[in-house]
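Number of protein chains: 2
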Amino acid sequence: MYYICRMKSKKLYNRITLLRQERGISRKELAERIGVNFQTIGYLERGEYNPSLNLAFNLSEVFELPVEFIFSTEPMKPLSSELYNKSKK
Amino acid sequence: MYYICRMKSKKLYNRITLLRQERGISRKELAERIGVNFQTIGYLERGEYNPSLNLAFNLSEVFELPVEFIFSTEPMKPLSSELYNKSKK
DNA sequence: ACATATTGTTGTATATTTACAACAATATTT
DNA sequence: AAATATTGTTGTAAATATACAACAATATGT
Chain A
1 MYYICRMKSK
11 KLYNRITLLR
21 QERGISRKEL
31 AERIGVNFQT
41 IGYLERGEYN
51 PSLNLAFNLS
61 EVFELPVEFI
71 FSTEPMKPLS
81 SELYNKSKK
Chain B
1 MYYICRMKSK
11 KLYNRITLLR
21 QERGISRKEL
31 AERIGVNFQT
41 IGYLERGEYN
51 PSLNLAFNLS
61 EVFELPVEFI
71 FSTEPMKPLS
81 SELYNKSKK
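Those protein sequence lines, which keep their order, are chains A and B.
The numbering of the first sequence is my numbering, which starts it at 1 and goes up by one.
The numbering of the second sequence is my numbering, which starts it at 1 and goes up by one.
Okay, structure coming up:
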């Protein structure tokens with residue numbers, strides 16, 4: 001019964017929307033794959049709250065990517081520049 | 001006001017105790033470093049509940065290790081065997 | 001052996017995440 | 001343009017994580 005004043009814990013950034021769209025699936029479908037309510041995906045994508053570590057691991061499994069690639073304490077760089085920097089190395 | 005029937009979400013495994021002891025610090029001190037109540041560390045070490053992703057990231061920062069090295073959906077292998085396998089590659 | 005620090009246990013309160021429903025807004029398809 | 005699917009919004013309930021206190025149990029240091 002607490003509807004106001006959320007997100008006292010530090011806000012995290014994520015690439016869920018991007019990763020989901022790259023794979024051409026809706027929130028509903030993603031939600032089904034990780035066994036969570038489809039509205040929960042919306043909350044996460046909008047950054048209205050942070051996931052549990054469990055949920056983060058489930059996303060990690062579905063996307064086949066490390067948690068740190070999906071979530072970050074710092075704003076996400078565009079994938080394009082990440083790729084560019086990586087190939088420069 | 002819910003004291004019974006916890007942990008419906010899948011149990012995670014972790015190496016917090018090990019990593020903390022390797023660094024020779026108490027729960028109290030670890031708790032202070034990551035800005036959490038010292039009893040919370042106890043709950044995590046005992047696996048009585050899983051952390052938020054936020055808390056996992058904080059531990060990751062303090063230990064300077066990826067989240068996946070600290071937490072896992074599978075029981076943790078001894079570090080010794082992880083090291084051995086790594087050097088064999 | 002004693003003092004002190006660390007860890008475990010129980011109990012309660014609060015915060016945050018997740019579920020779910022209903023419906024509005026927007027986009028996509030036909 | 002109408003039908004359908006997807007996303008956003010608001011409201012409420014339930015589950016899970018975190019804080020905190022008090023005290024027992026265990027370990028550690030002297």
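Glycine is no exception: its CB is placed at the ideal position from the N, C-alpha and C atoms.
None of these values were measured; they are calculated from a predicted model.
Measuring straight from C-alpha to C-alpha, what distance separates residue i and residue j?
i: Met1 of chain B; j: Glu61 of chain A; result: Here Met1 of chain B scores only 40 on pLDDT, less than 50, and its place in the model should not be relied on; the value that follows carries that caveat. Rounded to whole angstroms, Met1 of chain B to Glu61 of chain A spans 33 Å at the Cα level.
i: Leu83 of chain A; j: Glu45 of chain A; result: 22 Å
i: Phe38 of chain A; j: Gly24 of chain B; result: 44 Å
i: Gln21 of chain B; j: Gly42 of chain A; result: 40 Å
i: Leu30 of chain A; j: Leu79 of chain B; result: 34 Å
i: Val36 of chain B; j: Arg27 of chain A; result: 33 Å
i: Asn85 of chain A; j: Met76 of chain A; result: 14 Å
i: Glu32 of chain B; j: Val67 of chain A; result: 25 Å
i: Phe63 of chain B; j: Thr40 of chain B; result: 17 Å
Beta carbon of residue i, beta carbon of residue j: below 9 Å?
i: Ser81 of chain A; j: Asn50 of chain A; result: no
i: Arg15 of chain B; j: Phe57 of chain B; result: no
i: Leu18 of chain A; j: Gly47 of chain A; result: no
i: Leu59 of chain B; j: Ile34 of chain B; result: yes
Pick from the options: whose alpha carbon is nearest that of residue i?
i: Ser52 of chain B; options: A:Glu29, A:Leu65 and A:Phe71; result: A:Phe71
i: Glu74 of chain B; options: A:Ala31, A:Thr40 and A:Asn54; result: A:Asn54
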